[in-house]
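Residue 10 is where the sequence shown starts when you use my numbering, and the numbers rise one by one after that.
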Amino acid sequence: FTNCGIIQADSYYDKNVKTAVEAYNQGMQYMIKQADKYGLFIAFSISPLFPYQYANSRRIACDSWGNIGWSEYSMNAITAGWWTDGLY
10 FTNCGIIQAD
20 SYYDKNVKTA
30 VEAYNQGMQY
40 MIKQADKYGL
50 FIAFSISPLF
60 PYQYANSRRI
70 ACDSWGNIGW
80 SEYSMNAITA
90 GWWTDGLY
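As structure tokens, this is what we get:
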């Protein structure tokens, strides 16, 4: 749950970091550096859309299941999320 890393706080571990976005970027750069050592594929299922550059893929909506009524939910997600294809 990478969204927890972008919550604004009064201070951060690195005292040079002043904003949540700076902290998020610093943490993600470290995580990607570690993942790259092993050739890992990074999928952000539940995460902030921006900054997007740290993931190889992401989900545009939650799961749908159960009955035909959920197809509307899935189709709405695809309709509204088409533009994110250009980010990855």
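We put the beta carbon where it would ideally sit given N, CA and C, even for glycine.
For residue j and residue i, believed in contact at Cβ under 8 Å, the rounded distance
i, j, result
"Tyr97", "Arg68", "Rounded, the Cβ-Cβ distance is 11 Å, inconsistent with contact."
"Thr93", "Leu58", "7 Å"
Pairwise C-alpha distance: residue j and residue i
i, j, result
"Tyr63", "Ile51", "8 Å"
"Val26", "Gly75", "45 Å"
"Gly78", "Cys13", "32 Å"
"Ser20", "Gly36", "15 Å"
"Tyr3", "Ser73", "One cannot answer for residue 3 here, as it falls past the ends of the chain, which runs 10 to 97."
"Lys46", "Met84", "37 Å"
Residue j beta carbon less than 8 Å from that of residue i
i, j, result
"Ile55", "Tyr33", "no"
"Ala18", "Ala29", "yes"
8 Å Cβ shell around residue i - same chain, five flanking residues per side excluded
i, result
"Gly90", "Ile69, Ala70"
"Ser80", "Ser73"
Close beta carbons around residue i, own chain, < 6 Å, minus the five adjacent residues each side
i, result
"Tyr61", "Leu96"
"Gln41", "Residue 41 is actually Ile in this sequence, not Gln. Correct list, in chain order: Tyr63."
"Asn169", "Residue 169 is absent from the model: the chain starts at 10 and stops at 97."
Contacts around residue i, its chain only, beta-carbon distance under 7 Å, and the 5 residues preceding and following it disregarded
i, result
"Ala86", "Ile69, Ala70"
"Asp23", "Gln35"
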